[in-house]
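Let me begin by presenting the structure, written as structure tokens, before commenting on it.
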Amino acid sequence: MSNFKSLFLNIMLERGFYNQCTNDEGFDAYLYECEKSGKPAVGYLGSDPTGDSLHVGHIVPLMMMRWFQKCGHKPLTLVGGATARIGDPSGKDKLRPFLDEETLQHNIKGLKKSFSKFLKFGDGASDAQMVDNWDWFKDINYLSFLRDIGTYYSVNRMLTMDSVKTRLEREQPMSFLEFNYMLLQGYDFCQLYNTYGCRAQIAGSDQWGNITSGTELGRRKYDVELFGFTSPIITDSNGKKMGKSEGNAVWINEEKLSSYDYYQYFRNIGDAEVGKCLRIYTDLPMDEVRRLEALKDKEINEAKKILAFEATKICRGEAEALAAQNTAVQTFEQGEAGGNLPTIDVPSIEGLPVIDAFLQLGFVASKGEARRLIKQAGLKLNDAPIVDENYKLSAADIVNGQVKLSQGKKKHGLIKQAS
RNA sequence: GGAGGGGUGGCAGAGCGGUCAAAUGCAACGGACUGUAAAUCCGUCGACUUCGGUCUACGAAAGUUCAAAUCUUUCCCCCUCCA
Numbered sequence: 005m006s007n008f009k010s011l012f013l014n015i016m017l018e019r020g021f022y023n024q025c026t027n028d029e030g031f032d033a034y035l036y037e038c039e040k041s042g043k044p045a046v047g048y049l050g051s052d053p054t055g056d057s058l059h060v061g062h063i064v065p066l067m068m069m070r071w072f073q074k075c076g077h078k079p080l081t082l083v084g085g086a087t088a089r090i091g092d093p094s095g096k097d098k099l100r101p102f103l104d105e106e107t108l109q110h111n112i113k114g115l116k117k118s119f120s121k122f123l124k125f126g127d128g129a130s131d132a133q134m135v136d137n138w139d140w141f142k143d144i145n146y147l148s149f150l151r152d153i154g155t156y157y158s159v160n161r162m163l164t165m166d167s168v169k170t171r172l173e174r175e176q177p178m179s180f181l182e183f184n185y186m187l188l189q190g191y192d193f194c195q196l197y198n199t200y201g202c203r204a205q206i207a208g209s210d211q212w213g214n215i216t217s218g219t220e221l222g223r224r225k226y227d228v229e230l231f232g233f234t235s236p237i238i239t240d241s242n243g244k245k246m247g248k249s250e251g252n253a254v255w256i257n258e259e260k261l262s263s264y265d266y267y268q269y270f271r272n273i274g275d276a277e278v279g280k281c282l283r284i285y286t287d288l289p290m291d292e293v294r295r296l297e298a299l300k301d302k303e304i305n306e307a308k309k310i311l312a313f314e315a316t317k318i319c320r321g322e323a324e325a326l327a328a329q330n331t332a333v334q335t336f337e338q339g340e341a342g343g344n345l346p347t348i349d350v351p352s353i354e355g356l357p358v359i360d361a362f363l364q365l366g367f368v369a370s371k372g373e374a375r376r377l378i379k380q381a382g383l384k385l386n387d388a389p390i391v392d393e394n395y396k397l398s399a400a401d402i403v404n405g406q407v408k409l410s411q412g413k414k415k416h417g418l419i420k421q422a423s
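In my numbering, the protein residues as written are 5 to 423.
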């Protein structure tokens, strides 16, 4: 399995994206053929429009698609407009909520934005294209679906699928609606094959069951071999899925998370994860990755900075990445207030209680929390711990036209007086 | 349709008339140590507070009681088994 011919699979293997494939050799041969002839292979990545932005947890398949495109192939991004109305049982115990039309449209728009940060959309041969399975499901007729698709599925087999089996074993409810999800997703795959000649699906390993549902349907109904390819689930050092920072998701879209926070997320990756993350979250050549991950102790911080910069660059652009980096350097290495920190403008700084200032910055959820943190020496004003919880800001606290507030060691923000 | 079981804080899960803002675990947050790491240790973890307290909370509503997460009634939702 280490001797792939295709560029794409070699990259996947080398960078740690390879987890499982429905048919290594077949997929490799197919891709190789496409790469050699210059005719792009078509592959797709599905996602549910349950939110209006993707987050770091979704990046792994996104990056796979990015490489797929770089290898000259054509990525399709499928949003499950139809399947969102059902809910995917994979790895979940609870039924997902249904969405109304307006939210759905809003979410789809947001997803498109997330996708376009990693993939190039357009009309070219290898340009990415967005598709919605609502287009082919909205007019489908239940009886004909049962007849045309349902006949190819064995319930016996479906019951052995992980997503179903675990639900049954744990005696958790699973509705018939959800049970049908894999048929729908299998049908998606075949539809994309029929209309776009798409023969590959790329996803996280939790989608394996849904992928094989599609490849099997393809084989039985259309007599074509479709390929499925999955990534491992990337976890942080605590074995948890990537993508949460301070309990909040690390969003791809900038209106949900500042570039500075995005940068900081990668800056704060654990030592053990640096190599893995460089491979997965950046485009850096492997030589560079190997050099960086060999760094030890304090030096590994250099690798983390590069990781954070590169990862931010892909998602937010070079200018934003630079700004985030500068802010971080100023804030952490020079102890100054970096320009890109979260900032709020207030009508008048004079007399504003510090507690309220923290509340407005969103660093604390309540005044009580702010008081507690002050008791614990967790809140700082211009880098000096606040001792009096009733302290009110005054003109003397204004440095360079702003007041720097910090929560803990990592969260910093600025208050400016609106002019 | 019948018979049982259950709905508690971000999650899991105790409590089953007062001592309950509710054990414990996880997650989260602050501090110490470091390298904006990990591990460890200490502390915090409903809201408001003039730090005395006050208010809102244990699916929803009504009731019993000096007193209810705990008892009663109705309603809503979920699960299991039978048909």
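We put the beta carbon where it would ideally sit given N, CA and C, even for glycine.
Express the C-alpha separation of residue j and residue i in angstroms, rounding to a whole number.
i, j, result
"A298", "M16", "21 angstroms"
"K413", "A323", "26 angstroms"
"A325", "K317", "5 angstroms"
"W212", "N137", "19 angstroms"
"I402", "W255", "33 angstroms"
"G126", "Q133", "7 angstroms"
"A311", "T155", "Here residue 311 turns out to be Leu, not Ala, going by the sequence shown. Each residue's Cα considered, the two are about 49 angstroms apart."
"E292", "K142", "48 angstroms"
"F462", "G321", "Any property of residue 462 remains undetermined from this structure, which presents the chain solely from 5 to 423."
"K260", "K225", "43 angstroms"
"K379", "V368", "14 angstroms"
"D28", "H77", "17 angstroms"
"G232", "A328", "37 angstroms"
"L58", "G342", "28 angstroms"
"P357", "Q338", "27 angstroms"
"L35", "N7", "14 angstroms"
"L288", "L13", "17 angstroms"
"R375", "E220", "60 angstroms"
"E373", "A253", "22 angstroms"
According to the neighbour-count rule (16 or more other Cβ atoms, all chains shown, within 10 Å of its Cβ), is residue i buried or exposed?
i, result
"Q205", "buried"
"N394", "exposed"
"R70", "buried"
"T347", "exposed"
"K280", "buried"
"S352", "exposed"
"A400", "exposed"
"S370", "exposed"
"T331", "buried"
"V83", "buried"
"A388", "exposed"
"D227", "exposed"
"I419", "buried"
"G274", "exposed"
"A361", "buried"
"V333", "exposed"
"S94", "Any answer about S94 is weak, because its pLDDT of 43 lies below 50 and its placement is not dependable; what the coordinates show is given next. Label assigned to S94: buried."
"Q189", "buried"
"Q24", "exposed"
"M67", "buried"
"V159", "exposed"
Assuming residue i contacts residue j under a Cβ cut-off of 8 angstroms, what Cβ separation, rounded to an integer in Å, is found between them?
i, j, result
"L187", "Y157", "6 angstroms"
"Q421", "V350", "6 angstroms"
"L123", "P79", "5 angstroms"
"Y191", "I153", "6 angstroms"
"E354", "S398", "6 angstroms"
"A307", "V278", "5 angstroms"
"S235", "G218", "Not a contact, Cβ separation roughly 17 angstroms."
"L377", "L385", "Actually they do not touch by this definition, with Cβ atoms about 12 angstroms apart."
For the candidate residues the options, whose alpha-carbon lies nearest to that of residue i?
i, options, result
"F270", "R294, N305, V350", "N305"
"L163", "G128, N214, L196, K113", "N214"
"K415", "K396, Y22, Q380, T335", "T335"
"R223", "E18, T26, N7", "T26"
"G128", "S57, I112, V46", "V46"
"D210", "A315, G61, G342", "G61"
"A33", "N23, R203, C194, A328", "R203"
"E340", "L356, P289, G417, E354", "G417"
"Y4", "S41, C38, E37, F72", "What the structure shows of the chain is the stretch from 5 to 423, and residue 4 is not part of that stretch, so it cannot be assessed."
"D301", "D166, F12, A276, C319", "A276"
"C319", "G85, F31, T239, I63", "I63"
"G55", "I238, Q109, K43", "Q109"
"M165", "T216, K309, I359", "T216"
"Q406", "N344, Y197, V159", "N344"
"K396", "E373, L365, I359, Q364", "I359"
"K429", "A86, R19, N257", "The chain is shown from 5 up to 423; residue 429 falls before or after that span and cannot be answered."
"R294", "L11, I144, R19, A86", "R19"
Pairing CB atoms from the region 274–292 with CB atoms from the region 137–151, are three or more of them under 8 angstroms? no
The region 114–121 in contact with the region 47–57 per 3-pair CB rule at 8 angstroms: yes
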